[in-house]
């Protein structure tokens, strides 16, 4: 019985992973908005672990997608270089903040950002 549960869980993880990769590759980001809830609900991870693990999942997806975008000549390297500096600084600050903040605050902030992003896309 346990082996069957593991197979179902692995199959579900592959399906969700495919969806996460598709969304991240198609939109150039955003897979984390599905990845975090997946890790929290289906993998039973704590909020902080789900966010940290999501970053490690998104990194290789983003690298592969970036290679394809570079190959297709779809990148603006000037804008990329400027935004990358800020993203690195923000990523460092965010990683330290994740460790210090309460899980409820992280969950609320994540939900708020998802909500605002959703509204922004509709408008």
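Residue numbers (the numbering used here): 8 to 130. Built from N, CA and C at the ideal position, the CB exists for glycine as well. It should be emphasised that the depicted structure is a prediction, and the values quoted were computed from it without experimental measurement.
Contacting residues, own chain, Cβ-Cβ under 7 Å from residue i (five flanking each side not counted)
i          : result
residue 38 : 27, 28, 30, 31, 65, 68
Neighbourhood of residue i by C-beta distance below 8 Å, restricted to the same chain and skipping five residues each side
i           : result
residue 113 : 54, 55, 58, 105
Buried versus exposed, by CB contacts within 10 Å (16 or more), residue i
i          : result
residue 88 : exposed
Closest Cα partner of residue i within the set the options
i          : options            : result
residue 13 : 36, 34, 33, 49     : 49
residue 99 : 62, 41, 85         : 62
residue 40 : 129, 130, 123, 117 : 117
Assigned secondary structure, residue i (DSSP; H/G/I helix, E/B strand, else coil)
i           : result
residue 86  : helix
residue 80  : coil
residue 128 : helix
residue 37  : coil
residue 20  : helix
residue 50  : coil
Proximal residues to residue i (C-beta, below 6 Å), its chain only, five neighbours per side dropped
i          : result
residue 82 : 76
Inset, instruction - Could you tell me whether the segment 44-60 touches the segment 15-25, where touching means 3 or more Cβ pairs closer than 8 Å? - result: The segment 44-60 makes contact with the segment 15-25, as at least three CB pairs between them are under 8 Å.
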